[in-house]
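Participant: This is the structure I want to talk about, given as structure tokens.
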Amino acid sequence: MKIKEFMDRLSKTSNKEIGGLNDVVDLNLDDDNNIWGKRTDREDIIYKEWNSKIGDDLLDLTPFRDAEFLRTFLSDIPREEQFYYVYNTAMYCSKKGEYDPNYVLVTRRSLPRLEDKPEQFWTIDYINVMNGLNYEIPKNSAHRQHSVILVATLGSLNKYGFANNNGGHTDGEIMINNVPFSRDDILFVHKSNNELLDLISYIYNGGLSNDDVFEQLKNQISERQDYYNGRR
Numbered sequence: 012m013k014i015k016e017f018m019d020r021l022s023k024t025s026n027k028e029i030g031g032l033n034d035v036v037d038l039n040l041d042d043d044n045n046i047w048g049k050r051t052d053r054e055d056i057i058y059k060e061w062n063s064k065i066g067d068d069l070l071d072l073t074p075f076r077d078a079e080f081l082r083t084f085l086s087d088i089p090r091e092e093q094f095y096y097v098y099n100t101a102m103y104c105s106k107k108g109e110y111d112p113n114y115v116l117v118t119r120r121s122l123p124r125l126e127d128k129p130e131q132f133w134t135i136d137y138i139n140v141m142n143g144l145n146y147e148i149p150k151n152s153a154h155r156q157h158s159v160i161l162v163a164t165l166g167s168l169n170k171y172g173f174a175n176n177n178g179g180h181t182d183g184e185i186m187i188n189n190v191p192f193s194r195d196d197i198l199f200v201h202k203s204n205n206e207l208l209d210l211i212s213y214i215y216n217g218g219l220s221n222d223d224v225f226e227q228l229k230n231q232i233s234e235r236q237d238y239y240n241g242r243r
């Protein structure tokens, strides 16, 4: 879903009506104690069909290996376009063939906002976005609670310009120029069921709001800039 839809649906929990949780989170699917989750029968058929077409189990190198990410993708991307994204993302991640950057998915963990803001660092290393970044966005922090995984395309990043001499690409990380990133260039956002439940619990228990976290982050950025500019 788009950022606005995600935030609108999440806001339904602000009245603390537990019955409304089913509108936000699918509580009936467990992850089978597997970090990649458990696909439904239908999802498994689709995944195996795609993998067979591409070959060499290349989908295991992509975000589609994560059952919940796959579920979000199938829900948000038109059926006739899905395999284009799957194929080109697999080619880019595996370096096995040519690809169309307009169909290569890249991801980033970030605080969702309705207004455009810089989104400088992206990656093809999905597991790091899913379970890592613990220094940048610490586990259990307010920032982590509210964060989502943004999904865009390599082609959309190109319009912002890559930010270093290596073309912005290093070890799976892609860095673009530090300018406002249009919300229109975000294909969809993803947040796992467990993270959604944690966020809902956090909100219920009086945690910081999205706006509070945003102000904190702006203050931290300002303090860092002052430090590096020799003002402190």
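Those letters in the sequence shown? Residues 12 to 243, per this note's numbering, in order.
Heads up, the beta-carbon is just placed ideally off N, CA and C, and yes, glycines get one too.
Alpha carbon to alpha carbon, how far is T83 from R53?
Facilitator: Position 72 of the sequence shown, counting from 1, holds the residue named residue 83. Position 42 of the sequence shown, counting from 1, holds the residue named residue 53. Straight-line Cα distance between these residues: approximately 14 Å.
Participant: For S22, count neighbouring Cβ atoms within 10 angstroms of its own Cβ and tell me buried if that reaches 16, exposed if not.
Facilitator: As a working mapping, residue 22 is identified with position 11 in the sequence shown. By the 10 Å Cβ count, S22 comes out exposed.
Participant: If you drop the 5 nearest sequence neighbours on each side, which residues of the same chain put their C-beta closer than 7 Å to that of Y96?
Facilitator: Numbered from its first residue, the sequence shown carries residue 96 at position 85. If we look at Y96 and ignore the five residues flanking it on each side, its Cβ neighbours are I88, Y114 and L116.
Participant: Report the three-state DSSP secondary structure of M186 (helix, strand or coil).
Facilitator: Here residue 186 is taken as the residue at index 175 of the sequence shown, counted from 1. Three-state result, M186: strand.
Participant: Should K202 go down as buried or exposed, given a rule of 16 or more other Cβ atoms within 10 Å for buried?
Facilitator: One-based indexing of the sequence shown puts residue 202 at position 191. Label assigned to K202: buried.
Participant: Return the residue from the list L208, A101 and I46 that minimises the CA-CA distance to D68.
Facilitator: Along the sequence shown, read from residue 1 onward, the residue named residue 68 stands at position 57. Checked all of L208, A101 and I46; the closest Cα to D68 is A101.
Participant: Suppose only complete runs of 3+ residues qualify. What are the beta strand (DSSP E) ranges in the region 101-188, listed by chain order?
Facilitator: Fully enclosed beta strand (DSSP E) runs of 3 or longer: 116-121, 132-134, 159-164 and 184-186.
Participant: Which word fits G48, buried or exposed, when buried means at least 16 other C-beta atoms lie within 10 angstroms of its C-beta?
Facilitator: Along the sequence shown, one-based indexing puts residue 48 at 37. Under this definition G48 is a buried residue.
Participant: Taking the C-alpha atoms as reference points, what is the distance between D223 and Q231?
Facilitator: Sequence index remark: in the sequence shown, residue 223 carries index 212 (1-based). Sequence index remark: in the sequence shown, residue 231 carries index 220 (1-based). For D223 and Q231, the distance between alpha carbons rounds to 13 Å.
Participant: Compare the beta carbon distance of I160 and R124 with 8 Å and say whether it is the shorter of the two.
Facilitator: Locating residue 160 in the sequence shown gives position 149, counting from the first residue. Locating residue 124 in the sequence shown gives position 113, counting from the first residue. Not a contact, by the Cβ cut-off of 8 Å.
Participant: Per the contact definition of three or more C-beta pairs closer than 8 Å, is the region 164-172 in contact with the region 139-150?
Facilitator: The region 139-150 vs the region 164-172: no contact.
Participant: Could you check where the beta strand (DSSP E) with F199 kicks off and where it finishes?
Facilitator: For the purposes of this step, residue 199 is taken as residue 188 along the sequence shown, with counting starting at 1. Where F199 is concerned, the enclosing beta strand (DSSP E) stretches over F199 to H201.
Participant: If the criterion is Cβ atoms closer than 8 Å, does the pair V200 and I14 meet it?
Facilitator: Walking along the sequence shown from the start, residue 200 turns up at place 189. Walking along the sequence shown from the start, residue 14 turns up at place 3. Cβ distance < 8 Å, so V200 and I14 count as in contact.
Participant: Across which residues does DSSP place P191 in a beta bridge pair?
Facilitator: Along the sequence shown, read from residue 1 onward, the residue named residue 191 stands at position 180. Bridge partners of P191: P129.
Participant: For T73, collect the residues of the same chain with a Cβ closer than 6 Å to its Cβ; drop the 5 residues on either side in sequence, then sort them by chain order.
Facilitator: One-based indexing of the sequence shown puts residue 73 at position 62. Excluding residues within five positions, the ones whose Cβ falls inside 6 Å are T100, A101 and C104.
Participant: Under 8 Å Cβ to Cβ from M18, same chain only, skipping five residues before and after it: list those, please.
Facilitator: As a first step, residue 18 is located in the sequence shown; it is residue number 7 there, counting from the start. Excluding sequence neighbours, M18 sits near P123, L125 and N221.
Participant: With a CB to CB cut of under 7 Å and the five nearest residues on each side skipped, what residues in its chain are close to M12?
Facilitator: What you label residue 12 is simply residue 1 of the sequence shown in a count that begins at 1. Excluding positions up to five away in sequence, the list reads D87, F199 and V200.
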